[in-house]
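Participant:
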Amino acid sequence: MRAVGLVLITLVLQSVLGGVLPDAVSPPDLWFLLALVLASHLPPAAGLVAAFGLGLFQDLASAGYPGLHAMGLLTAVYAFYGTGTWLHWEETMARGMIVFLSFLAKWLGYLIVVYWLRFEVLSPLTFAQVFVPELILTLGVGPVYLRFAQALVAPRYEEHHA
0 MRAVGLVLIT
10 LVLQSVLGGV
20 LPDAVSPPDL
30 WFLLALVLAS
40 HLPPAAGLVA
50 AFGLGLFQDL
60 ASAGYPGLHA
70 MGLLTAVYAF
80 YGTGTWLHWE
90 ETMARGMIVF
100 LSFLAKWLGY
110 LIVVYWLRFE
120 VLSPLTFAQV
130 FVPELILTLG
140 VGPVYLRFAQ
150 ALVAPRYEEH
160 HA
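All the letters of the sequence shown, read from the start, carry residue numbers 0 to 161 under my numbering.
In structure tokens, the structure reads:
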């Protein structure tokens with residue numbers, strides 16, 4: 000139930016940030032951070048499914064290309080689980096590195112979908128204009144959002160099933 004509340008809070012926060020920032024500045028990707036928080040509380044199979052479902056919800060809520068955000072969040076959470084084998088989510092510097100590498104994986108997922116579907120409306124210039132501001136703002140807002148979200152949701156999967 001807490002996870003559903005966090006999804007609703009994220010929906011509102013993402014909308015507010017998107018409305019407050021100038022049009023030329025891409026807002027931080029709170030959906031991406033939410034997917035990482037949920038993945039940290041779920042076993043890998045459930046975390047990947049949750050990330051894909053969350054991405055589809057994001058696509059439908061934003062009238063985007065169906066599957067674009069789903070693939071992005073899926074690859075981000077896949078990278079989260081992969082980097083989690085050699086970095087520890089509880090350590091501050093490691094958490095920053097996990098978020099950064101997962102963010103890069105999210106964009107790799109976007110590029111896979113763009114390449115696969117041969118979108119001409121999404122040029123490399125579009126990605127360049129969105130990537131850097133989104134990365135900076137996501138990494139800037141990330142520590143505050145992650146701390147809030149971790150406090151809101153249930154204990155980590157490993158702690159609960161150890």
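A virtual CB, placed ideally from N, CA and C, is assigned to each residue, including glycine. As the structure is a prediction and not an experimental result, all values here were calculated from the model.
Helix, strand or coil, according to DSSP, for Thr-84 in the structure here?
Facilitator: coil
Participant: Take the Cβ of Gly-63 as the centre, count every other Cβ of all protein chains shown within 10 Å, and call the residue buried at 16 or more, exposed below.
Facilitator: Exposed, by the Cβ-count rule.
Participant: Considering only the beta carbon of each residue, do Val-98 and Leu-138 sit closer than 8 Å?
Facilitator: yes
Participant: Exposed or buried, what is Ala-161 when buried is set at 16 or more other beta-carbons lying within 10 Å of its beta-carbon?
Facilitator: At Ala-161 the pLDDT is 48, less than 50, meaning the model places this residue with poor confidence and gives no usable figure here.
Participant: Measure the beta-carbon distance from Val-152 to Arg-1 and round it to whole angstroms, keeping in mind my assumption that it falls under 8 Å.
Facilitator: 5 Å
Participant: Taking the C-alpha atoms as reference points, what is the distance between His-159 and Ile-8?
Facilitator: Note that His-159 has pLDDT 47, beneath the 50 cutoff, so the model's placement of it is unreliable and no number is given.
Participant: Ala-50 and Leu-29 look like a contact to me (Cβ under 8 Å); what is the Cβ gap, rounded to whole Å?
Facilitator: With a Cβ gap of about 14 Å, Ala-50 and Leu-29 do not count as contacting.
Participant: Determine the DSSP secondary structure at Leu-41, reduced to helix, strand or coil.
Facilitator: coil
Participant: Hey, would you say Leu-10 sits closer than 8 Å to Ala-75, going by beta carbons?
Facilitator: no
Participant: Let's see if you can read the secondary structure: which residues bound the alpha helix (DSSP H) around Gly-95?
Facilitator: Per DSSP, Gly-95 belongs to the alpha helix (DSSP H) from 91–116.
Participant: Pick out whichever of Leu-33, Gln-13, Ala-69 and Ala-44 has its Cα sitting closest to the Cα of Ile-111.
Facilitator: Of the listed residues, the one whose Cα sits closest to Ile-111 is Ala-69.
Participant: If you drop the 5 nearest sequence neighbours on each side, which residues of the same chain put their C-beta closer than 7 Å to that of Val-129?
Facilitator: Ser-25
Participant: Go ahead and label Ser-122 buried or exposed: buried means 16 or more other beta carbons lie within 10 angstroms of its beta carbon, across all protein chains shown.
Facilitator: exposed
Participant: Short of 7 Å in beta carbon distance, which residues of its chain neighbour Leu-134, apart from the five on each side in sequence? Order them along the chain.
Facilitator: Phe-102
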